[in-house]
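Q: I have a structure here, written as structure tokens, and I will follow up with some questions on it.
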Amino acid sequence: MTFEPDFTPAEALAALRNSKVPGKQARELLAAGQARLDAAFPATPIRKLVRGRAALVDRVLQAAWQLFGLADQEGQALLAVGGYGRGELHPHSDVDLLILLDGSPAQSLCGQLEGFIAFLWDTGLEIGHSVRTLEECLLLARDDITVATNVMESRTLAGDDRLREQLAERTGPEHIWPTPAFFAAKWHEQTSRHRKHNDTEYNLEPDIKNAPGGLRDLQMVGWVAKRHFYPRDKASNLEKLVALDFLTEREYAALRRCEDFLFEVRWALHTLSGRNENRLLFDYQRQVAALLGHEDSNANLAVELFMKEFYRVALALSVLNEMLLQLFDEAILQADKPHEVRPLNRRFQIHNDYLEVTHENVFTEHPSALLEMFVVLAQHPELKGVRATTMRDCIDKRRLIDDAYRNDPQHTALFMQLIRSPHKLWSQLRRMKRYGILGRYLPEFGRIIGMMQYDLFHIYTVDAHTLLVVKNMRRLRYEETREKFPLACDVFYRLPKPELLYIAGLYHDIAKGRGGDHSELGADDAIAFCQRHGLTNWDAKLVAWLVRSHLVMSVTAQRKDIADPDVVMEFARQVGDLVHLDYLYVLTVSDINATNPALWNSWRDSLLRQLYTETKRALRRGLNNPIDKQDWIDDTRDEAMKLLEQRQIPVENIEKLWSGIGDEYFLRENARDIAWHTEAMLTRDNPDEPLVLVRESSGGQYEGGTQIFVYTPDTENLFAATVNALDQLNLTIMDARIITSADSFSLDTYIVLDEHGTPIGNDYPRLQAIRDTLTQALRDPSQFGNIVQRRMPRRHKHFRVPTQVIISNDIVNDRTVVDVQTLDRPGLLARIGRMFMEFDLLLQNARIATLGERVEDVFFITQKDGGPVTDPDLCQRLQQRLKEELDDTSRDQVTPSGGLSI
1 MTFEPDFTPA EALAALRNSK VPGKQARELL AAGQARLDAA FPATPIRKLV
51 RGRAALVDRV LQAAWQLFGL ADQEGQALLA VGGYGRGELH PHSDVDLLIL
101 LDGSPAQSLC GQLEGFIAFL WDTGLEIGHS VRTLEECLLL ARDDITVATN
151 VMESRTLAGD DRLREQLAER TGPEHIWPTP AFFAAKWHEQ TSRHRKHNDT
201 EYNLEPDIKN APGGLRDLQM VGWVAKRHFY PRDKASNLEK LVALDFLTER
251 EYAALRRCED FLFEVRWALH TLSGRNENRL LFDYQRQVAA LLGHEDSNAN
301 LAVELFMKEF YRVALALSVL NEMLLQLFDE AILQADKPHE VRPLNRRFQI
351 HNDYLEVTHE NVFTEHPSAL LEMFVVLAQH PELKGVRATT MRDCIDKRRL
401 IDDAYRNDPQ HTALFMQLIR SPHKLWSQLR RMKRYGILGR YLPEFGRIIG
451 MMQYDLFHIY TVDAHTLLVV KNMRRLRYEE TREKFPLACD VFYRLPKPEL
501 LYIAGLYHDI AKGRGGDHSE LGADDAIAFC QRHGLTNWDA KLVAWLVRSH
551 LVMSVTAQRK DIADPDVVME FARQVGDLVH LDYLYVLTVS DINATNPALW
601 NSWRDSLLRQ LYTETKRALR RGLNNPIDKQ DWIDDTRDEA MKLLEQRQIP
651 VENIEKLWSG IGDEYFLREN ARDIAWHTEA MLTRDNPDEP LVLVRESSGG
701 QYEGGTQIFV YTPDTENLFA ATVNALDQLN LTIMDARIIT SADSFSLDTY
751 IVLDEHGTPI GNDYPRLQAI RDTLTQALRD PSQFGNIVQR RMPRRHKHFR
801 VPTQVIISND IVNDRTVVDV QTLDRPGLLA RIGRMFMEFD LLLQNARIAT
851 LGERVEDVFF ITQKDGGPVT DPDLCQRLQQ RLKEELDDTS RDQVTPSGGL
901 SI
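In structure tokens:
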């Protein structure tokens with residue numbers, strides 16, 4: 001089937017002439033032609049469609065050129081340039097035109113050109129046009145690499161083709177931008193472009209045109225090749241590089257597949273967005289996946305499968321771009337430089353600071369060199385990289401890696417030598433991944449390459465996250481890292497075998513995307529790896545335990561009350577000894593920092609540090625010798641009393657105040673904060689006003705956040721009014737502790753961070769604003785204003801997070817635990833607080849965790865008599881009420897059922 005326009009040039013011209021509004025007629029011709037192309041997508045080969053779109057626009061513009069009498073004029077031509085010059089157009093691509101003149105136009109011609117240009121804007125096309133003489137083009141192309149590149153790929157749509165030929169000849173490498181200068185400028189341009197996209201193919205919302213591994217990377221190869229090898233051709237032709245031995249048949253086929261895939265994605269994006277949109281925004285990812293035929297599987301969403309394919313294509317294209325540009329560099333920029341070759345061994349040598357094989361059959365005769373190459377690179381950190389010919393041979397010979405290769409003791413020893421390398425481990429693992437060696441040697445790693453999780457919490461693909469975890473571990477060796485991670489650096493240096501940590505890092509998420517518990521499945525893979533690589537049973541069990549337990553410490557710190565000695569003791573029993581604790585702490589810190597830069601903040605740092613420190617004490621005391629809670633309470637009271645006596649606060653006043661405050665307060669708060677609270681409560685000027693204290697936490701369990709203490713009569717709506725006021729102040733609540741005294745006063749502590757995820761610090765005006773706002777809100781909590789309404793962030797709107805509510809009872813602490821997972825939104829905590837009030841439930845404590853677009857909050861509640869919620873019917877109604885209130889209004893979403901454990 002042909003996709004030439006279904007109207008002839010004569011028919012197009014007649015249609016325009018017979019219309020009172022030619023621009024409108026052109027729009028109708030284009031729309032009808034585009035509808036025909038869209039109907040054929042995606043079943044038709046994409047190249048036919050992009051060329052069909054270009055041919056459709058050609059025909060309309062050529063008819064318009066005639067309509068305005070320009071075909072009868074001499075000395076001018078209408079040229080398609082850029083992507084349109086290559087004959088490639090997507091539904092809303094820019095249509096770049098150059099009206100080329102042999103000299104200044106006559107007055108009559110100016111009028112005709114003005115009419116033609118006005119017509120262009122009426123067509124609805126995304127027109128980019130310029131009207132220039134040949135001399136003007138030469139001057140601009142000489143000064144601007146972008147102009148020079150654009151005119152390289154030009155074709156004549158109408159008019160005198162000799163003008164285009166003159167332009168091509170006079171802008172050729174013999175006159176301007178000789179090949180070395182052109183290549184250097186384009187390479188700099190690509191480097192700058194990549195930097196704008198974080199030098200990664202794996203952005204959450206990738207730009208399929210400009211990001212690393214995008215269409216520009218492929219076009220870059222074509223531009224340089226055309227400039228150097230065939231500057232007189234109208235457009236770049238990568239197939240010619242095969243005949244020139246700069247590209248193999250396999251590489252050319254791979255480039256074509258990459259381009260076809262990116263063309264399909266771009267066509268789909270333009271169709272869905274209705275504009276020249278080249279960013280795979282969350283707005284379109286699901287729809288593009290469906291349009292290209294992806295369906296949900298048991299373990300993965302269709303959008304995740306589509307994005308995995310996209311990231312793999314981008315990675316493959318990025319590697320080919322890197323290799324081919326290095327080949328061009330050697331052929332163009334380095335051609336006249338002397339070749340300095342220094343042998344390393346019989347298989348490798350250093351060639352002008354790049355590693356290369358000693359002869360073309362090295363990998364065939366010595367397959368172990370496929371791994372040895374990366375060991376050698378790690379041993380020589382001064383090298384710039386791998387020479388392009390060796391890179392190509394390595395990629396080509398990776399097919400030699402099979403089960404027999406993986407089980408060869410020589411090869412497993414080489415891989416462990418790399419893992420134990422003191423230098424460049426992360427760099428070489430990343431290089432191994434890019435060349436396809438790591439995914440072949442560890443097939444389980446190969447399966448996660450390009451795998452994404454469709455959420456805002458995991459901002460990296462699983463493979464990128466995994467290698468970043470290893471990178472974070474390696475950074476702990478450096479002094480400049482100590483300022484941010486002092487404890488992790490100290491603990492790292494105590495690890496007896498750091499390589500076990502790196503292996504655990506490699507395997508902790510290796511089983512994602514398979515369905516089932518990825519921690520358990522990954523532990524099985526880790527055991528198999530350790531056994532194959534000759535590790536001892538103890539080492540293998542430690543690695544497997546780390547993989548199996550890699551989430552335990554972060555979950556305990558963020559979702560449980562680690563001020564409770566019982567929680568610490570339970571975690572200590574899971575860990576077992578100091579060695580396991582040390583390894584797990586470093587793995588946890590490295591993992592969190594490799595998941596999402598916004599996830600790590602001073603508060604999470606302090607939680608993990610506190611849990612580590614308390615667990616270490618518990619382990620040294622002995623698992624059979626837990627702390628007695630009453631001893632803990634008595635010690636805290638005694639220490640707080642000493643601090644208050646130093647401040648000359650009368651003991652009888654202290655005792656009277658404390659007599660109405662239960663033991664829970666002294667269990668949860670530390671002595672320093674109790675003294676601070678007590679002094680303020682006893683010395684406040686106006687007992688009828690709510691007491692609001694704000695200060696920076698510096699030590700103890702609240703270190704890393706700003707602490708807000710509220711002392712006021714306990715009333716309905718108190719929690720909802722407080723969190724609503726804090727939300728209006730743009731503060732993020734990380735922790736809430738709610739205590740009610742015997743005389744019905746609330747002693748509530750909130751730990752907050754500002755909008756940047758940091759404590760407020762010494763911003764005194766803001767601290768005062770917090771005091772004033774809260775004091776005003778708490779004078780009459782029942783009258784607090786509407787729950788704060790702010791527009792939900794754009795990215796959040798595209799994620800379905802059905803609310804899940806799990807209710808269980810904590811028998812030891814005589815309370816009920818409500819676990820809520822739902823979509824993050826303004827005013828969430830106030831809504832939940834209101835619902836607890838509706839059910840006459842008291843909030844004791846809350847742990848708040850925001851993970852991308854979702855929140856995972858834990859609330860500890862009791863009935864008004866102070867006991868847990870034991871009525872199953874009440875629990876069921878509370879669970880249902882929370883779901884109904886928090887779920888989106890659209891009822892077509894499938895909401896997983898919550899759990900209920902009474």
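Note that full-length UniProt numbering numbers the sequence shown so that position 828 is 828, with each residue one more than the last.
Cβ coordinates follow ideal geometry from the N, Cα and C atoms, glycine included.
Owing to the predicted nature of the structure, the values given are computational and were not obtained by experimental measurement.
1. Just grab the DSSP bridge partners of Q863 for me.
2. In chain order, what residues of the same chain lie with their CB nearer than 7 Å to the CB of G436, ignoring the 5 residues before and after it?
3. Under a Cβ-count criterion, where at least 16 other Cβ atoms within 10 Å of its own Cβ denotes burial, should A618 be classed as buried or exposed?
4. According to the neighbour-count rule (16 or more other Cβ atoms, all chains shown, within 10 Å of its Cβ), is Y585 buried or exposed?
5. State the DSSP-derived secondary structure class of V131, mapped to helix, strand or coil.
6. Tell me the rounded alpha-carbon separation between L377 and I401.
7. Tell me the rounded alpha-carbon separation between I99 and R257.
8. Cβ of A158 within 9 Å of Cβ of L218?
9. If you drop the 5 nearest sequence neighbours on each side, which residues of the same chain put their C-beta closer than 7 Å to that of G576?
10. Using only CA atoms, which one of E330, D635, M681, D245 lies nearest to K656?
11. Out of R854, Y502, E169, which has the shortest C-alpha to C-alpha gap to H458?
12. Enumerate, from N- to C-terminal direction, the unbroken beta strand (DSSP E) stretches of 3 or more residues contained entirely within the region 105-186.
13. Does the Cβ-Cβ distance between G75 and L163 come in under 9 Å?
14. Under a Cβ-count criterion, where at least 16 other Cβ atoms within 10 Å of its own Cβ denotes burial, should residue 913 be classed as buried or exposed?
15. From F3 to D260, what distance separates their C-alpha atoms?
16. Hey, how far is the Cα of F492 from the Cα of R420?
17. With a threshold of 8 Å on Cβ separation, who are the neighbours of T740 within its own chain once the five nearest residues in sequence on each side are excluded?
18. Could you compute how far the alpha carbon of L500 sits from the alpha carbon of N593?
19. Using a beta-carbon distance below 9 Å, is A55 in contact with chain B?
20. Quick one: what does DSSP say N809 is sitting in, helix, strand or coil?
21. Under the rule that 16 or more other beta-carbon atoms within 10 Å means buried, what is E674, buried or exposed?
22. Could you tell me the boundaries of the beta strand (DSSP E) in which R342 lies?
23. Within a Cβ cutoff of 8 Å, which residues of the same chain sit near L30, ignoring the five residues on either side of it in sequence?
24. Keeping to the same chain, check which residues put their C-beta closer than 6 Å to that of P781; ignore five residues upstream and five downstream.
25. Can you tell me where the beta strand (DSSP E) with P713 in it begins and where it stops?
26. Which residue marks the beginning of the beta strand (DSSP E) containing S554, and which one marks its end?
27. With a CB to CB cut of under 6 Å and the five nearest residues on each side skipped, what residues in its chain are close to L204?
28. Following the continuous alpha helix (DSSP H) through Y583, name the residue where it begins and the one where it ends.
29. Tell me, which residues are paired with R77 by DSSP?
30. Which residues in the same chain as T895 place their Cβ atom closer than 7 Å to its Cβ, once the five residues preceding and following it in sequence are excluded?
31. Helix, strand or coil: how does DSSP classify F374 here?
32. Within 10 angstroms of the Cβ of G139, are there 16 or more other Cβ atoms? Answer buried if so, exposed if not.
33. At which residues does the beta strand (DSSP E) containing S746 begin and terminate?
34. Taking the alpha helix (DSSP H) that R230 falls in, what are its first and last residues?
35. Hey, could you find the ends of the beta strand (DSSP E) E499 is sitting in?
36. Provide the residue span of the beta strand (DSSP E) that contains H351, from first to last.
A: Result, derived from the coordinates:
1. L841
2. In the same chain as G436, and ignoring 5 residues on each side of it, the C-beta atoms closer than 7 Å to its own belong to I395, R398, in chain order.
3. buried
4. buried
5. strand
6. 20 Å
7. For I99 and R257, the distance between alpha carbons rounds to 34 Å.
8. For the pair A158 and L218, the CB atoms are not nearer than the 9 Å cut-off.
9. none
10. M681
11. R854
12. Those beta strand (DSSP E) runs which fall completely within the region 105-186 and span 3+ residues are 126-133, 155-159.
13. In contact: G75 and L163 (Cβ atoms closer than 9 Å).
14. Examination of residue 913 is not possible in this model, given that the chain is present from 1 through 902 alone.
15. So the two alpha carbons sit approximately 17 Å from each other.
16. Rounded to the nearest angstrom, the gap between the Cα atoms of F492 and R420 is 15 Å.
17. D714, S746, L747, L842
18. 19 Å
19. Here chain B cannot be found, since the structure has a single protein chain.
20. DSSP places N809 in strand when its eight states are reduced to three.
21. The sequence as given places Ile at residue 674; Glu does not occur at that position. The residue is buried, with at least 16 neighbouring Cβ atoms inside 10 Å.
22. 341-343
23. L56, V57, V60, T123, G124, L125
24. Closer than 6 Å at the Cβ level, and outside the excluded window around P781, lie T715, N717, L718, A721.
25. From DSSP, the beta strand (DSSP E) with P713 extends over 706-713.
26. If you look at S554, you'll find it isn't in any beta strand (DSSP E); it sits in the alpha helix (DSSP H) that goes 552-559.
27. I459
28. 578-593
29. A small correction: the amino acid at residue 77 is Ala; Arg does not occupy that position in the sequence shown. Looking at the DSSP output, A77 bridges to L100, G159.
30. Per-residue confidence for T895 stands at a pLDDT of 33, beneath the threshold of 50, marking its modelled position as unreliable; the derived number appears in the next sentence. The residues are P802, T803, K883, D887.
31. In this structure, F374 counts as helix in the three-state DSSP scheme.
32. For the record, residue 139 in the displayed sequence is Leu; it is not Gly. When all chains shown are included, L139 counts as exposed.
33. Residues 745-753.
34. Rather than Arg, the amino acid found at residue 230 in this sequence is Tyr. Taken as a continuous stretch (DSSP letters only), Y230 belongs to no alpha helix (DSSP H), as it is neither H nor E.
35. Unbroken run through E499 is the alpha helix (DSSP H), 498-507; no beta strand (DSSP E).
36. 348-351
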